[in-house]
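Novice: These protein sequences, in sequence, are chains E and Z. If you read the first sequence in our numbering, its first letter stands for residue 11, the second for the next number, and so on. If you read the second sequence in our numbering, its first letter stands for residue 11, the second for the next number, and so on. Shown below is the structure under consideration.
Protein chains: 2
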Amino acid sequence: MHHFAEKASGRRNFLSLLLKTAGALLSVPGISLAVSNAHRYRDYTVQDIIDIVLEEIPGAPFKETVDTLKSGSAGQQVTGIVTTMFPTVSVIAETARRRANFIIAHEPTFYNHLDDPQWVANNQVVQQKQALLQRHGIAVWRFHDYWHTHRPDGIGYGVLKKAGWEQYYQPGERMLQMPPAALKDIVAHLQRSLGIAHVRVIGDPAQQCARIVLVPGAAGGKMQVSMVEQAHPDVLIVGEVHEWETAEYIRDARAMGAKTALVVLGHAVSEEPGMEWLVDWLQPKVPGLTVAHIPSGDPFTWH
Amino acid sequence: MHHFAEKASGRRNFLSLLLKTAGALLSVPGISLAVSNAHRYRDYTVQDIIDIVLEEIPGAPFKETVDTLKSGSAGQQVTGIVTTMFPTVSVIAETARRRANFIIAHEPTFYNHLDDPQWVANNQVVQQKQALLQRHGIAVWRFHDYWHTHRPDGIGYGVLKKAGWEQYYQPGERMLQMPPAALKDIVAHLQRSLGIAHVRVIGDPAQQCARIVLVPGAAGGKMQVSMVEQAHPDVLIVGEVHEWETAEYIRDARAMGAKTALVVLGHAVSEEPGMEWLVDWLQPKVPGLTVAHIPSGDPFTWH
Numbered sequence: 011m012h013h014f015a016e017k018a019s020g021r022r023n024f025l026s027l028l029l030k031t032a033g034a035l036l037s038v039p040g041i042s043l044a045v046s047n048a049h050r051y052r053d054y055t056v057q058d059i060i061d062i063v064l065e066e067i068p069g070a071p072f073k074e075t076v077d078t079l080k081s082g083s084a085g086q087q088v089t090g091i092v093t094t095m096f097p098t099v100s101v102i103a104e105t106a107r108r109r110a111n112f113i114i115a116h117e118p119t120f121y122n123h124l125d126d127p128q129w130v131a132n133n134q135v136v137q138q139k140q141a142l143l144q145r146h147g148i149a150v151w152r153f154h155d156y157w158h159t160h161r162p163d164g165i166g167y168g169v170l171k172k173a174g175w176e177q178y179y180q181p182g183e184r185m186l187q188m189p190p191a192a193l194k195d196i197v198a199h200l201q202r203s204l205g206i207a208h209v210r211v212i213g214d215p216a217q218q219c220a221r222i223v224l225v226p227g228a229a230g231g232k233m234q235v236s237m238v239e240q241a242h243p244d245v246l247i248v249g250e251v252h253e254w255e256t257a258e259y260i261r262d263a264r265a266m267g268a269k270t271a272l273v274v275l276g277h278a279v280s281e282e283p284g285m286e287w288l289v290d291w292l293q294p295k296v297p298g299l300t301v302a303h304i305p306s307g308d309p310f311t312w313h
Numbered sequence: 011m012h013h014f015a016e017k018a019s020g021r022r023n024f025l026s027l028l029l030k031t032a033g034a035l036l037s038v039p040g041i042s043l044a045v046s047n048a049h050r051y052r053d054y055t056v057q058d059i060i061d062i063v064l065e066e067i068p069g070a071p072f073k074e075t076v077d078t079l080k081s082g083s084a085g086q087q088v089t090g091i092v093t094t095m096f097p098t099v100s101v102i103a104e105t106a107r108r109r110a111n112f113i114i115a116h117e118p119t120f121y122n123h124l125d126d127p128q129w130v131a132n133n134q135v136v137q138q139k140q141a142l143l144q145r146h147g148i149a150v151w152r153f154h155d156y157w158h159t160h161r162p163d164g165i166g167y168g169v170l171k172k173a174g175w176e177q178y179y180q181p182g183e184r185m186l187q188m189p190p191a192a193l194k195d196i197v198a199h200l201q202r203s204l205g206i207a208h209v210r211v212i213g214d215p216a217q218q219c220a221r222i223v224l225v226p227g228a229a230g231g232k233m234q235v236s237m238v239e240q241a242h243p244d245v246l247i248v249g250e251v252h253e254w255e256t257a258e259y260i261r262d263a264r265a266m267g268a269k270t271a272l273v274v275l276g277h278a279v280s281e282e283p284g285m286e287w288l289v290d291w292l293q294p295k296v297p298g299l300t301v302a303h304i305p306s307g308d309p310f311t312w313h
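Spelled out as structure tokens, the structure:
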């Protein structure tokens with residue numbers, strides 16, 4: 011189900027590129043060389059790509075954000091862009107194999123939200139991964155806060171699109187109003203459409219659900235519980251929970267008569283469609299570069 | 011597999027009780043009534059039970075701890091004690107049915123670590139649960155920090171005991187040195203012995219494991235990752251992870267050649283045996299009271 015989106019490769023609109031490239035390069039040194047290569051695609055640096063993206067994000071750039079470069083440099087020339095959830099070692103290896111060198115990842119590179127390499131002191135795995143990225147000359151930029159700030163939320167919309175639920179999206183509304191369906195059918199639909207092998211559920215498989223709150227990723231117990239308290243949906247669908255927070259809250263609420271069910275999809279697989287949609291969103295903005303999605307996938311096997 | 015441990019019921023050692031009771035009651039008002047009822051078991055308040063427990067905990071009482079009363083009062087007479095992981099609505103109902111009124115729970119009552127009822131403002135489920143506890147006159151005491159401080163760690167030892175692994179426990183050592191076994195056989199043994207229907211694993215099912223670090227519950231990514239960095243066990247067995255921390259760390263480490271596998275048992279079921287063992291530990295200290303374990307169980311169904 012996860013395919014390498016190569017929609018842009020093969021498209022060569024020489025005329026528009028020629029104009030854009032010439033315009034961009036006339037103002038920089040090395041112009042004679044640049045013009046002689048004007049039939050080539052424009053060269054983008056990592057910073058160029060970031061700037062192109064941020065133009066579309068309300069309020070960007072943010073003063074405080076985790077969306078920083080985790081490896082590589084802003085000035086390096088981009089040979090190809092890969093989008094993914096987690097820039098895993100496998101994703102890095104596949105990126106290098108494709109001769110791409112810029113990974114846009116939704117989640118951390120070094121196993122903690124701030125990507126502090128000293129979160130665990132002298133972490134050998136962090137050091138090995140830094141060396142691997144450097145060996146391949148790969149830049150990694152986190153695209154978390156900004157993508158969630160895009161309207162519509164890039165992750166949320168990507169998931170809705172992949173699930174075939176875009177028509178239920180109302181701008182500014184968290185709640186999806188859908189034709190009633192049994193919880194078990196909603197779960198089966200999500201597993202099939204998003205390609206998720208296993209999920210965890212709290213709820214009656216037969217209960218009818220029409221009012222759905224979908225919050226991929228790990229939004230935290232306080233936000234998840236608040237949304238249920240405010241909206242009382244028939245089902246809350248999330249990526250990851252703290253079991254002692256949201257899961258126990260839902261279990262108790264149901265035991266005292268509340269209806270809200272909980273579906274836990276898994277963190278990586280719950281948000282991956284948002285990074286897949288990023289390809290469609292970004293590709294037209296960077297003609298000549300290939301933007302591809304490599305899913306990082308569910309880290310677990312289930313027994 | 012989860013049975014109601016009623017080991018104490020039916021044991022009536024009148025003579026020793028008579029002596030103890032008389033001794034305790036001679037110093038308090040109402041002595042004539044007390045002595046006339048000296049054939050009854052000693053009456054314990056909630057505070058009496060807490061004091062009896064804390065006598066065995068190094069450094070207790072702690073200045074800062076989450077182990078506080080979540081409902082009821084220190085002065086109320088105890089009619090029976092229930093131990094559990096999460097004091098769920100079901101556990102509360104079963105406690106009331108048994109006419110017990112003191113729940114000793116390892117984890118929060120109100121869905122956040124500090125049991126702040128205003129963690130989510132005006133939380134209706136919290137208010138309903140408070141009313142339920144009050145209606146049944148049930149006191150809930152959290153027994154988390156203290157039980158982990160007991161030597162051996164009450165949770166860890168209870169799990170080892172139930173898994174039949176006590177012989178591998180070395181005081182002061184986190185690492186269990188065991189006869190080598192395939193990861194898949196270790197997983198199957200844990201599922202069978204601890205009664206866990208489903209687990210999530212990262213690792214090669216066939217890999218041999220002899221050096222095991224077992225950390226039930228949700229110790230947090232920093233601690234979990236630190237333990238792997240320090241000890242490089244063949245397998246780390248935990249209750250709950252942040253997927254973006256420990257799970258991704260293990261996935262990457264393995265992709266770069268490290269051996270450590272990860273088994274995620276689920277939070278409640280991973281620590282429940284420690285609250286079951288609390289029955290054996292506490293019952294002899296409170297003669298005449300029934301101490302029983304009611305498992306809170308896995309909140310999820312798995313699909």
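C-beta: ideal position from N, C-alpha, C; glycine also.
Can the beta-carbon of E:Ile260 be found closer than 8 Å to that of E:Ile206?
Specialist: The answer is no: Cβ separation not under 8 Å.
Novice: Per DSSP, what are the beta-bridge partners of Z:Arg221 in this structure?
Specialist: DSSP lists Z:Gln187 as partners of Z:Arg221.
Novice: For a quick check, are the C-beta atoms of E:Thr98 and Z:Glu258 less than 8 Å apart?
Specialist: Yes. Within cutoff.
Novice: So E:Asp244 contacts chain Z; which residues on that side make the cut at Cβ distance below 7 Å?
Specialist: Residues of chain Z passing the Cβ test: none, with the nearest at roughly 16 Å.
Novice: Since E:Ile206 is in the alpha helix (DSSP H), which residue starts that stretch and which ends it?
Specialist: Where E:Ile206 is concerned, there is no enclosing alpha helix (DSSP H), given that its DSSP letter is neither H nor E.
Novice: So if I threshold CB-CB distances at 8 Å, which residues from the stretch 218-233 of chain E count as touching chain Z?
Specialist: If the cut-off is 8 Å between Cβ atoms, the stretch 218-233 of chain E has Ala228, Gly231, Lys232 near chain Z.
Novice: Which stretch, first to last residue, makes up the beta strand (DSSP E) that contains E:Arg145?
Specialist: Taken as a continuous stretch (DSSP letters only), E:Arg145 belongs to no beta strand (DSSP E), being part of the alpha helix (DSSP H) at 134-146.
Novice: Given a threshold of 16 other Cβ atoms within 10 Å of its Cβ, counted over all protein chains shown, does Z:Lys295 qualify as buried or as exposed?
Specialist: Its Cβ having fewer than 16 others within 10 Å, Z:Lys295 is exposed.
Novice: Output the distance between the C-alpha atoms of Z:Asn133 and Z:Gly227, rounded to the nearest integer angstrom.
Specialist: Their backbone Cα atoms lie some 26 Å apart in a straight line.
Novice: From the DSSP secondary-structure annotation, give me the bridge partner or partners of Z:Val150.
Specialist: Answer is Z:Ser81, Z:Ile113.
Novice: Given that a residue counts as buried once 16 or more other Cβ atoms are within 10 Å of its Cβ, and exposed if not, what is E:Ala141?
Specialist: So E:Ala141 counts as exposed.
Novice: Taking 8 Å as the threshold, find out whether the stretch 215-224 of chain E comes into contact with the stretch 232-250 of chain E through three or more Cβ pairs.
Specialist: The answer is yes - the stretch 232-250 of chain E touches the stretch 215-224 of chain E, with three or more Cβ pairs under 8 Å.
Novice: For E:Val38, I'd like the list of residues in its chain whose CB is within less than 6 Å of its CB, leaving aside the five on either flank, ordered along the chain.
Specialist: Any reading at E:Val38 needs caution, since the residue's pLDDT is 44, under 50, leaving its predicted position unreliable; the model's value is listed next. Excluding positions up to five away in sequence, the list is empty.
Novice: Do Z:Lys80 and Z:Arg126 count as a contact pair if the criterion is CB distance below 8 Å?
Specialist: Going by the sequence as given, residue 126 of chain Z is Asp instead of Arg. The answer is no: Cβ separation not under 8 Å.
Novice: When you check each C-beta in the stretch 107-138 of chain Z against every C-beta of chain E, which residues fall closer than 7 Å?
Specialist: The residues in question are Glu117, Pro118, Tyr121, Asn122, Trp129, Val130, Asn133, Gln134, Val135, Gln138.
Novice: Pick from Z:His208, Z:Asp163, Z:Leu204: whose alpha carbon is nearest that of Z:Glu66?
Specialist: Closest option to Z:Glu66, Cα to Cα, is Z:Asp163.
Novice: Is the CB of Z:Thr311 under 8 Å away from at least one CB in chain E?
Specialist: Taking Cβ atoms only, chain E reaches closer than 8 Å to Z:Thr311, which makes this a yes.
Novice: Taking buried to mean at least 16 other C-beta atoms within 10 Å of its own C-beta, is E:Phe161 buried or exposed?
Specialist: Note that residue 161 of chain E is Arg in the sequence shown here, rather than Phe. Counting Cβ neighbours within 10 Å, E:Arg161 comes out exposed, since fewer than 16 surround it.
Novice: For a test of the three-state rule: what should DSSP assign to E:Ile304, helix, strand or coil?
Specialist: Looking at E:Ile304 - three-state DSSP - the assignment turns out to be coil, as it is neither helix nor strand.
Novice: Determine the closest residue to Z:Ile91 out of Z:Pro68, Z:Trp291, Z:Phe310, Z:Phe120, with distance taken between C-alpha atoms.
Specialist: Out of Z:Pro68, Z:Trp291, Z:Phe310, Z:Phe120, Z:Trp291 has the C-alpha closest to the C-alpha of Z:Ile91.
Novice: Count the other CB atoms, across all protein chains shown, that sit within 10 Å of the CB of E:Pro71; report buried if there are 16 or more and exposed otherwise.
Specialist: Exposed.
Novice: Express the C-alpha separation of Z:Leu170 and Z:Pro189 in angstroms, rounding to a whole number.
Specialist: Taking the straight line joining both Cα atoms gives about 15 Å.
Novice: Which one of E:Leu275, E:Leu204, E:Asp77, E:Gly298 has the shortest CA to CA distance from E:Trp312?
Specialist: Comparing Cα positions, the closest option is E:Leu275.
Novice: According to DSSP, what are the bridge partners of E:Ala192?
Specialist: Partner(s): E:Gln218.
Novice: Where are the beta strand (DSSP E) runs, 3 residues long or more, that stay fully inside the stretch 58-103 of chain Z, in chain order?
Specialist: Counting only runs of 3 or more, we get 79-81, 91-94.
Novice: My understanding is that E:Gly85 touches E:Thr55, with C-beta atoms under 8 Å, so please give their C-beta distance in whole angstroms.
Specialist: Indeed, because the Cβ distance is near 5 Å, the residues count as touching under 8 Å.
Novice: Please list the partners that E:Ala263 has in chain Z, where partner means a Cβ-to-Cβ separation under 7 Å.
Specialist: What E:Ala263 touches in chain Z: Val135.
Novice: Compute the Euclidean distance between the alpha carbons of Z:Ile113 and Z:Thr93, then round it to the nearest angstrom.
Specialist: Taking the straight line joining both Cα atoms gives about 6 Å.
Novice: Based on the DSSP secondary-structure assignment, which residues constitute the bridge partners of E:Ile247?
Specialist: E:Leu224, E:Val273.
Novice: Whole angstroms is fine: what's the gap from Z:Asp58's alpha carbon to Z:Gln87's?
Specialist: If I take the Cα positions, the gap works out to 9 Å.
Novice: Return the CA-CA distance between Z:His277 and Z:Ala271, expressed in angstroms with no decimal places.
Specialist: Rounded to the nearest angstrom, the two C-alpha atoms are 18 Å apart.
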